[in-house]
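Worksheet: the structure to be examined is printed underneath.
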Amino acid sequence: MIKKAIESQKKLSFEEFKKEVLNDFKIALISRECSLLGRREVLTGKAKFGIFGAGKEIPQLAMAKAFKKGDWRSGYYRDQTFMMAIGEYNPQHFFASLYGHADIHADSYAAGRQMNGHFATHSLNEDGTWKNLTKQYNVSADISPTAGQMPRLLGLAEASKKFRILSELDTPNQFSNNGNEIAWGTIGNASTSEGLFFETINAAGVLQVPMIVSIWDDNYGISVPAKYQTTKESISEILKGFQRDENNAGYEIFVVDGWNYSQLVDVYNKAAKIAREEFVPVIIHVKELTQPQGHSTSGSHERYKNRERLEWEKEHDCIAKMREWILNFELEDQEGEILKFVESEDEIKILEKEAKKEVSSAKRRAWSAFIDPIISERKELLELLDRVGQKSENKIFIEKLKRELASIDEPIRKNISSIARKTLIYLRDETFEEKEILQEWIRNYHAIQQPKFSSNLYSEQDSKATNIVEIEPEYDDEAETTDARIILRDNFDKLLSNYKEIVIFGEDSGKIGDVNQGLEGLQEKHGIDRVYDTGIREASIIGQGIGMAMRGLRPIAEIQYLDYIFYAAQVLTDDLATLRYRSFGKQKAPLIVRTRGHRLEGIWHSGSQMGGLLSLFRGIYILVPRNMTKAAGFYNTLLQSDEPAIVIENLNGYRLKERIPNNLGIFTTPIGIVETIKEGEDLTIVSYGATLKLVEEASKDLSQIGIDVEIIDAQSLLPFDLNHDVLTSVQKTNRLVIIDEDVPGGASAYLLNEIINVQEAYFYLDSKPITISAKAHRPAYGTDGDYFSKPSINDIFEGVYKVMQEADPLKFKSLY
Ligand SMILES: Cc1ncc(C[n+]2csc(CCOP(=O)(O)OP(=O)(O)O)c2C)c(N)n1
Ligand SMILES: [Mg+2]
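The structure is reproduced here in structure tokens:
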């Protein structure tokens, strides 16, 4: 084994090998010391919460050795040693993130937005352009939900395959070197109980992508032991069916003890070779790990581990084991000389001392970088409050607030801001110059501090999707009308030709060209690697898209029906929607999700659950084109930008007739802009999607009795009406009705809030604004089910009529 380890070190001379081993050991010691001191920082109140990598150090050293520039990691909160070993993390950084230092230069992973232990590298330059990802280590930004890292991992691995086999893509480029990159996943043993783990494992086996999943097995998930987590208490045991053989592609599976440094180095080298060269996914089950400090700072493991287990963990602590190995290591060379890593234990003790010292001085540096600016902000405010107090009749109260702020040992910005704002309450009846200075100080303080916590939900670059200008569709004089799906199909054809980085995939998207044939014939034309079928697994379809988009491809992931998006909703809301925000704009995944919904019939085929999506998917654009030309225009817009979006096509619109534009692939539908599709004087109706057709029908009936409505198509729900065109309309009509087929209080309530609260249309209303929506239950099946569940033309007519009747009861007599 030792011989092998030496060979696998590429026959380094013993001195070099020794240096590397001791260097690795030192990294492990530093990492452990961080965990120990980190816990203390939480217990003494300097940090709020901590989750650390203690007990998992040694396998991460081995993984780091096999991890090359250009590779990607999608992992979880235990990987601090790996991050240190690849040089992307140091103790000062560790403490900065523990303190929640809201500065990207201090906490370069998340600018204080994430709990510690959530890692990320920077894929983007300051101006939002891509860095050369082949020249750096890449760590996709971690998320907290257990196994949430798995779907994205699949896409990161699949990207390598695309870069290797798609002849259209020239490599090497800034994203890939002929697809040589491995996507490395890490996951805790208990998290493998999640559906996302199994779904991803199956999908990667089908796809045969260069993915290596390490399972850090410490026998527990917080307090719950393997007996309650995993059949046979062994994940590698139950995954055996995935093992490849002569007849079938599958996985290579390794099982290794987490404290055995030399064996780990050997396994990781082998695994990397298989994944990189053969494109075979690999599982490494790393057993016998421990958790010497318990799960996190919020609890102690003595509560749920018995004495034997605690004893066992002490004996099998991977650092203790490596220490023992280093001490006892002896190798006889050809001349019969005994080679050793250390002459005596003292050398190890020196390393241990150095690690302690390094970590504690890094901690002090991180703390002062964190607290010093806050202290000087407090000082500035205290001086100002002093001046304000001198002038105010409420001096006593202001002095009290001042003392309160001054007495806080370790102030945070909340303390500063809230004392400043409370002071203003005492000054409300007074006027003097210092009060104005204080008001200005508070405004400035918030202008500086708020973006630290709220920026980068969407792109803030000039290239953002809402900046893409509208290009209208153009038509030849003799333009034919056709089934609308043809417009989509021919537009996708143009896009696939124009953008070599596009891949489109989903259930039935390949061979038959999707269930509504919007991709008909495109697999034949553009190849099975660009337009393709997937298994029925919505969450990992989205993961494929996220991972590939993070690596410079332009995936269009299809969710067959909007009703089934909830299988992927966790991935969309936790991963895609937060990516730009949680990485402080340093990572992006411009994924386009294509789906279809609205107005079909039945509990699971009516696709109108917009309110839920609007709440959960902030960070993703939500677009609801009323026809296929509009939809095609949205795809064209999105591909000119770099932000994620969901486009919800109209399920019953594919066979309706539309004219074919002559500028397919070019015309754009602007994002965040409404369209007035009928002008009118009496009342403004805002609606979207398939319901618009009913609104148009009802408006004809209304006009026959002298009610002239203006109809506005929202088109884009997130964001909505950036130009406030609805407000302009309400200023004219003074009445507002919002109509959709979502539940009461769903998307219609969202639109009402936008129009009344944000646009402040209430100033101009002469009637109560109303919403006309579906019933609270899911829509029943069939035409009657639809009629009695969703707003009908009668409902729309009567709803609008009632508003007019209340306004002018003499002219419009009650219907009932
Ligand atoms: C979806 C989800 N459920 C619950 C949690 C709370 N939680 C955080 S870590 C954890 C246990 C994970 O155990 P394991 O995967 O074995 O990793 P370990 O912490 O042992 O390394 C749980 C239940 C979570 N983060 N996400
Ligand atoms: Mg565990």
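Just so you know, the sequence shown maps onto residues 1 to 816 in the working numbering.
Beta carbons are placed, not taken as given, at the ideal position from N, Cα and C, and that holds for glycine.
Note that this is a predicted model, so its numbers are computed, not measured.
Those residues which DSSP pairs with residue i across a bridge
i: F505; result: Y532, A557
i: N650; result: G597
i: P791; result: Note: P791 sits in no beta bridge, so no partner.
i: Q243; result: Y251
i: K287; result: D257
i: W72; result: N138, A183
i: V726; result: Paired residues: none, contrary to the question.
i: D514; result: Per DSSP, none; premise fails for D514.
i: P225; result: Y220
i: T481; result: R659
i: S716; result: L623
i: S615; result: Answer is none; S615 lacks a bridge partner.
Rounded straight-line distance, which links the Cα of residue j to that of residue i
i: I536; j: E507; result: 6 Å
i: L239; j: E278; result: 20 Å
i: D79; j: I468; result: 40 Å
i: I796; j: G633; result: 29 Å
i: R413; j: E393; result: 27 Å
i: E383; j: H101; result: 25 Å
i: G513; j: H301; result: 54 Å
i: Y228; j: P145; result: 19 Å
i: I419; j: Q449; result: 15 Å
i: V515; j: G653; result: 13 Å
i: M804; j: A479; result: 41 Å
i: V737; j: V686; result: 6 Å
i: L591; j: Y787; result: 36 Å
i: I673; j: D721; result: 5 Å
i: E741; j: S608; result: 6 Å
i: Q60; j: I215; result: 11 Å
i: P411; j: L401; result: 14 Å
i: R594; j: S160; result: 23 Å
i: A761; j: E697; result: 26 Å
i: G185; j: I793; result: 53 Å
i: Q640; j: I408; result: 51 Å
Reference residue i; option with closest CA among the options
i: G611; options: D563, E434, M83; result: D563
i: N627; options: N269, N650, H777; result: N650
i: I187; options: V206, K161, A157, L153; result: L153
i: L339; options: D142, I374, E16, K391; result: E16
i: L166; options: P411, D529, A465; result: D529
i: V817; options: L488, V280, Q174; result: Given that the chain is displayed from residue 1 to residue 816, the structure contains no residue 817 and the question cannot be resolved.
i: A141; options: A577, T629, E696, L623; result: A577
i: M322; options: E433, L310, V342; result: V342
i: Q208; options: E252, Y475, P225; result: E252
i: E754; options: L718, S123, Y787, D742; result: L718
i: Y581; options: A54, L196, I104, Y89; result: I104
i: Y304; options: T231, V224, L289, L327; result: V224
i: V531; options: S455, I442, P172, F492; result: F492
i: F397; options: Q715, I425, Q136; result: I425
i: K18; options: E354, Y787, L327; result: L327
i: Y445; options: T423, E377, K435; result: E377
i: G689; options: S748, D642, A549, C34; result: S748
i: P210; options: F453, I283, Q715, R113; result: I283
i: F617; options: P644, L638, E41; result: P644
i: H295; options: K357, A85, N177, L36; result: L36
i: D725; options: S108, D708, W604, I677; result: I677
i: V647; options: I58, I350, W130, G597; result: G597
i: D708; options: N723, R778, I770, Y801; result: Y801
Residue list, Cβ distance to ligand 1 heavy atoms smaller than 6 Å: R78, S144, P145, T146, G188, N189, A190, S191, W216, D218, Y220, G221, I222, H295
query: In the segment 160-211, which residue ranges form an unbroken alpha helix (DSSP H) of at least 4 residues, counting only runs that do not cross its ends?
result: 195-207
- Item | Any alpha helix (DSSP H) of 4 or more consecutive residues that is wholly inside the segment 302-361 | 307-316, 318-328
| said: My parser needs the alpha helix (DSSP H) runs of 4 or more residues fully inside the segment 745-789; what are they? | reply: 747-752, 782-789
Runs of beta strand (DSSP E) wholly within the segment 651-692 (minimum 3 residues, chain order) = 657-659, 675-678, 683-687
TODO: Quick one: which unbroken alpha helix (DSSP H) runs of 4-plus residues sit fully inside the segment 43-110? Chain order, please.
DONE: 57-66, 80-85, 91-99
Notebook entry, point to check: What alpha helix (DSSP H) runs, 4 residues minimum, are completely inside the segment 432-476?
Noted result: 433-454
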